[in-house]
Amino acid sequence: MVRLRTIVPVVDVLANPRSMAGLRVLLVAGSALLAVAVAVRAIPPARATLPQDVVEERPRLPEPMQLLARGSRLRAAELDRWVSEGHRAAFKASRQILFSLDGCPPLLDWIDGTEGQSTERLLADLRAGSREDALAALVLVFQIGRACKWSPGMLARTQNAERLGGLLQDWLRVWGEKGAKDPLLAQPALSAALVYGRVMRTAWKAPFFSYNRATYERASAFLSDLTGIPSGRRTDFGEALRARYARAAEKLLSPNDALLGLEEEAAVSFPDLIGTCP
Amino acid sequence: MADLDRPARSPRAAKWHIAIAGLLVGAGGALLGLQVDANGRFSGTGLTPLGIGALLALVASLSQVRSAGGLPRDGIGAFAALSAFLGLAFVVAGALAPGGPWMFFEVFLLFALMAARRRSAGEGPRWIGGATLVALGLMLLFRLWISYQGSEHRWQVLSIGIPVLSWIPLDFLEPIQSVSLGSFTPRELGFPPAGLSFAASMALWAVGFCLATCGIALAQGAALEHENDRIHDLIHTLPPPLAQLVERLLPEEEWQAFGLHGLPERRLAKRIEALASERFQRQREIQAAFQASALTALPPAGGFAGGIWQALSKPVAPVVDDPIAQPVAERATGEEDRG
Chain C
0 MVRLRTIVPV VDVLANPRSM AGLRVLLVAG SALLAVAVAV RAIPPARATL
50 PQDVVEERPR LPEPMQLLAR GSRLRAAELD RWVSEGHRAA FKASRQILFS
100 LDGCPPLLDW IDGTEGQSTE RLLADLRAGS REDALAALVL VFQIGRACKW
150 SPGMLARTQN AERLGGLLQD WLRVWGEKGA KDPLLAQPAL SAALVYGRVM
200 RTAWKAPFFS YNRATYERAS AFLSDLTGIP SGRRTDFGEA LRARYARAAE
250 KLLSPNDALL GLEEEAAVSF PDLIGTCP
Chain A
0 MADLDRPARS PRAAKWHIAI AGLLVGAGGA LLGLQVDANG RFSGTGLTPL
50 GIGALLALVA SLSQVRSAGG LPRDGIGAFA ALSAFLGLAF VVAGALAPGG
100 PWMFFEVFLL FALMAARRRS AGEGPRWIGG ATLVALGLML LFRLWISYQG
150 SEHRWQVLSI GIPVLSWIPL DFLEPIQSVS LGSFTPRELG FPPAGLSFAA
200 SMALWAVGFC LATCGIALAQ GAALEHENDR IHDLIHTLPP PLAQLVERLL
250 PEEEWQAFGL HGLPERRLAK RIEALASERF QRQREIQAAF QASALTALPP
300 AGGFAGGIWQ ALSKPVAPVV DDPIAQPVAE RATGEEDRG
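Going down the list, the sequences are from chains C and A.
Residue 0 is where the first sequence starts when you use numbering that gives the first Met the number 0, and the numbers rise one by one after that.
Residue 0 is where the second sequence starts when you use numbering that gives the first Met the number 0, and the numbers rise one by one after that.
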């Protein structure tokens with residue numbers, strides 16, 4: 000009530016057309032607004048976010064990207080002690096099978112076999128586990144991409160590539176946004192997106208004439224949700240992607256080929272992941 | 000007579016209008032000077048376009064001062080001029096492309112428009128004309144269009160697909176499948192590093208443009224009215240009957256055409272004195288000529304000459320509150336009674 004009593008006379012003075020004080024207040028407010036209108040033009044835009052290394056407290060798994068690169072077989076065994084105890088044995092078995100797989104079987108043939116099915120079940124379990132489990136799952140998916148044939152070839156058999164894309168998409172769906180600011184998973188999650196873009200683009204472009212539109216639309220819709228870039232409201236993952244791979248992020252806005260940037264970056268970072276077991 | 004009843008400290012409507020115009024221009028300018036990036040953060044649109052806008056506003060103001068004559072003579076008048084000047088600078092800065100060759104092309108176009116502008120006689124002080132406003136509106140639309148293109152990461156005004164070639168789904172044909180017209184860069188558009196949020200920025204600019212143009216229009220009209228108030232105040236320092244006679248001789252609608260606006264008080268008084276004398280002399284000459292013609296010639300009843308005669312000989316109704324006309328009417332009535 001006290002406030003109301005204070006405010007009412009002020010409003011009366013301002014609203015009264017015969018009030019000199021009201022006019023003065025308006026003139027002062029107008030002058031201030033004019034000055035503000037000039038001043039706001041000098042507000043600097045927010046600086047671009049630059050990628051920074053986040054150092055994890057010890058004990059930690061150093062250089063997790065080495066576990067996804069071509070030399071991953073040299074360090075893959077390190078993961079055994081990081082994986083949750085309940086999945087450790089299964090992980091060790093699947094790791095040994097995958098890293099010793101020869102003959103480059105078609106991905107669908109292998110994953111629908113006995114070893115493949117158990118690995119697929121393990122992947123689902125690891126995705127639901129800790130961050131170390133998630134990294135272990137991603138290492139297995141990358142190794143599937145290296146050890147199995149998923150390139151569509153001349154006959155444009157895109158099912159293998161689409162299945163690999165599905166595995167990556169499942170992992171990204173769970174850990175993409177969550178891992179964007181995680182010291183252990185930040186870089187691996189971005190790498191998973193790059194490889195996902197490459198795999199799905201390969202499937203999209205497989206037919207000699209025309210395109211496999213369904214694959215492209217599925218991938219672009221998923222990446223749009225994951226990054227938020229096309230909608231203009233970036234997620235943490237979208238921010239991280241833009242900070243590290245600006246061209247790939249910008250290409251996501253292309254109406255013709257949103258996956259091109261991801262494929263280009265994947266070709267640089269993972270030249271061996273081409274679907275034909277080099 | 001209503002003005003005479005006004006309390007000594009109560010401001011006139013024109014002053015309120017000028018104050019409100021300042022608020023509108025300030026609010027509009029603030030909105031035109033902001034943009035929203037893709038992360039929802041605000042930043043300024045830069046001082047370079049404002050500099051160009053101020054330059055064009057200066058040209059417009061100088062031409063206005065030269066043609067309308069005189070400078071503002073008090074604080075309120077100066078505030079109106081400042082509001083209109085800044086309003087025009089804000090509107091031009093908001094409508095121009097933020098940089099690059101497009102901006103200079105638009106500046107050239109606006110200079111040409113302002114140089115070609117002609118004021119009609121009796122028109123009040125105008126910082127912005129109808130044609131200029133239309134041109135600025137079109138430029139704002141163009142700016143919104145290129146900002147939209149930029150926000151979609153399409154760095155050209157227009158991309159036209161070549162028929163037949165653009166229908167073939169082969170990658171190697173991509174470079175020749177379309178023709179790009181009017182390319183530009185994010186730097187030319189002054190985009191923030193995170194990219195532009197087109198919807199939010201467009202809303203800010205469109206509302207800002209409307210507020211600022213309304214503010215300019217209000218400032219223009221109110222400045223004219225305020226100047227008339229000043230002349231009116233000076234005339235009303237005369238005794239009331241004399242002041243009313245002067246206002247009948249020099250109607251308010253003609254004060255701008257007489258060049259009374261913007262004159263300092265001493266020169267204004269001299270000018271009113273000269274004009275009143277000249278008008279009164281002419282009235283007397285006309286009266287004398289009329290009386291002489293009425294005695295010598297009686298035109299026929301019908302036709303063009305008869306119509307003119309009837310119009311001239313129509314009796315003038317006495318004005319009740321006219322202190323000059325009333326004694327004349329009373330005298331005429333008394334003479335009739337005596338007769």
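Heads up, the beta-carbon is just placed ideally off N, CA and C, and yes, glycines get one too.
The structure displayed is predicted, hence computed values, not measured ones.
Inter-residue spacing [alpha-carbon to alpha-carbon] between C:Ala188 and A:Phe183: Taking the straight line from one Cα to the other gives about 34 Å.
C:Val138 burial status per 10 Å Cβ neighbour count (16 or more: buried): C:Val138 is buried by the Cβ-count criterion.
First and last residue of the uninterrupted alpha helix (DSSP H) at C:Ser342: Residue 342 of chain C lies beyond the range of chain C shown here (0 to 277); nothing can be said about it.
Every unbroken beta strand (DSSP E) inside the segment 116-203 of chain A [3 residues or more]: Qualifying beta strand (DSSP E) stretches, in chain order: 155-160 and 177-182.
Whole-angstrom distance between A:Gly32 and A:Phe190, CA atom to CA atom: In this structure, the CA atom of A:Phe190 is about 13 Å from the CA atom of A:Gly32.
Amino acids of chain B, ordered along the chain, whose beta-carbon sits closer than 9 Å to that of C:Leu258: Here the protein chains are C and A, and chain B is not one of them.
Minimum Cβ-Cβ distance from A:Lys269 to chain C less than 7 Å: Contact with chain C is absent for A:Lys269, since none of that chain's Cβ atoms lies less than 7 Å from the residue's Cβ.
C-beta atoms of A:Met113 and A:Ala37 nearer than 7 Å: Contact: no.
Host beta strand (DSSP E) of A:Gly43 (start-end): Here the beta strand (DSSP E) through A:Gly43 covers Phe41 to Gly43.
A:Leu33, DSSP secondary structure in three states: Note: A:Leu33 maps to strand in three-state DSSP.
Test item: CB-CB of A:Leu157 and A:Pro97 under 7 Å: It is not a contact, given that the beta carbons lie outside the stated cut-off.
Cβ pair count under 8 Å reaching 3, the segment 253-260 of chain A against the segment 226-241 of chain A: The segment 253-260 of chain A vs the segment 226-241 of chain A: in contact.
Beta-bridge partners of C:Lys148, as assigned by DSSP: DSSP lists C:Pro105 as partners of C:Lys148.
Residues near A:Leu311 in its chain [Cβ-Cβ closer than 7 Å; skip 5 each side]: If the five residues before and after A:Leu311 are omitted, its C-beta is found closer than 7 Å to the C-beta atoms of Phe289, all from its own chain and listed in chain order.
Candidates A:Ala26, A:Arg153, A:Gln148 and A:Ala193, of which the one nearest C:Arg46 by Cα: Among A:Ala26, A:Arg153, A:Gln148 and A:Ala193, the Cα nearest to that of C:Arg46 is on A:Ala193.
A:Gln309, enclosing alpha helix (DSSP H) - first and last residue: Where A:Gln309 is concerned, the enclosing alpha helix (DSSP H) stretches over Gly302 to Leu311.
Three or more C-beta pairs below 8 Å linking the segment 81-100 of chain C and the segment 204-211 of chain C: Counting C-beta pairs with one atom in each stretch, the segment 81-100 of chain C and the segment 204-211 of chain C have fewer than three that are closer than 8 Å, which means they do not touch.
Beta-carbon neighbours of A:Phe41, restricted to chain C and to distances below 7 Å: Within chain C, the residues Ile42 have their CB atoms less than 7 Å from the CB of A:Phe41, given in chain order.
Contact under 7 Å by Cβ, A:Val90 with A:Gly214: Not closer than 7 Å, so no.
Among C:Ala89, C:Phe90, C:Ile143 and C:Leu125, nearest to C:Leu100 - alpha-carbon criterion: Minimum Cα distance to C:Leu100 is reached at C:Ile143.
Min CB distance A:Trp47 to chain C below 7 Å: What sits at residue 47 of chain A in the sequence shown is Thr, not Trp. No, its Cβ sits nowhere closer than 7 Å to a Cβ of chain C.
Status (buried if at least 16 other CB within 10 Å, exposed otherwise) for C:Met153: Only exposed fits C:Met153, as fewer than 16 other CB atoms lie within 10 angstroms of its CB.
Collapsed DSSP secondary structure at C:Ile273 in the structure displayed: C:Ile273 sits in coil when the DSSP states are folded into three classes, being neither helix nor strand.
C:Ala248 at chain A interface by Cβ criterion, 7 Å: C:Ala248 does not count as touching chain A.
Proximity winner among A:Gly27, A:Arg11, A:Phe197 and A:Gly39, relative to C:Thr234 (alpha-carbon distances): The shortest C-alpha to C-alpha distance from C:Thr234 to any of A:Gly27, A:Arg11, A:Phe197 and A:Gly39 is the one to A:Gly39.
6 Å CB neighbourhood of A:Met102 in its chain, flanking five on each side removed: Excluding positions up to five away in sequence, the list reads Leu95 and Ala96.
Neighbour-count burial assignment, A:Glu105, 16 or more Cβ in a 10 Å radius: Label assigned to A:Glu105: buried.
Same chain, Cβ closer than 7 Å to C:Ala136, five either side skipped, listed in chain order: The beta carbon of C:Ala136 sits closer than 7 Å to those of Leu122, Leu125, Arg126 and Trp170, all from its chain and outside the five residues before and after it, given in chain order.
Residues of its chain near C:Leu107, where Cβ-Cβ distance is below 8 Å and the 5 sequence neighbours each way are ignored: Excluding residues within five positions, the ones whose Cβ falls inside 8 Å are Gln158, Asn159 and Arg162.
Simplified DSSP assignment, three categories, for A:Pro326: At A:Pro326, the pLDDT of 43 sits below 50, so the modelled position is not reliable; the number obtained from the coordinates is stated separately. Of the three classes helix, strand and coil, the one that applies to A:Pro326 here is helix, per DSSP.
Alpha-carbon to alpha-carbon, C:Ala245 and A:Val146: For the record, residue 146 of chain A in the displayed sequence is Ser; it is not Val. Just so you know, the alpha carbons of A:Ser146 and C:Ala245 end up roughly 20 Å apart.
Cα-Cα separation, A:Arg72 to A:Gly302: For A:Arg72 and A:Gly302, the distance between alpha carbons rounds to 53 Å.
Cutoff 7 Å: A:Leu33 Cβ touching any chain C Cβ: Yes, contact with chain C.
Neighbouring residues, chain A, relative to C:Leu252 (Cβ below 7 Å): Simply Glu151 and His152.
Closer than 9 Å at the beta carbon, the chain C residues around A:Leu85: Leu33, Ala36 and Val37, listed in chain order.
Residue range of the unbroken alpha helix (DSSP H) whose run includes C:Gly175: Start and end: Gln158 to Gly178.
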